[in-house]
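Student: Numbered according to my numbering, the sequence shown spans residues 376 to 429.
Note that CB positions come from ideal geometry on N, CA and C, so glycine has one too.
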Amino acid sequence: MAIAKAERLMNLALCLLGTRRPLSKRELRGSIEAYLEAGSDDSFNRMFERDKDD
376 MAIAKAERLM NLALCLLGTR RPLSKRELRG SIEAYLEAGS DDSFNRMFER
426 DKDD
């Protein structure tokens, strides 16, 4: 089931705010369900770049 963009962005914000250290893209991908469901690395990278712009 696809996760809505607003929920994905909220999860990203909460993940980043809930840590005391910088997280790598790999760590973020492993922590956020929508990123895990992205499938390929290219899909994840496109999604992540769009999310950073928003």
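#1: From the DSSP output, in three-state form, read off S418 for me.
#2: With 16 other CB atoms within 10 Å as the buried threshold, where does L387 fall?
#3: For M422, is the classification buried or exposed, using 16 other Cβ atoms within 10 angstroms of its Cβ as the cut-off for buried?
#4: Can you find the residues in the same chain that come closer than 6 Å, C-beta to C-beta, to L411, ignoring five residues on each side of it along the sequence?
Tutor: By the coordinates alone:
#1: helix
#2: buried
#3: buried
#4: none
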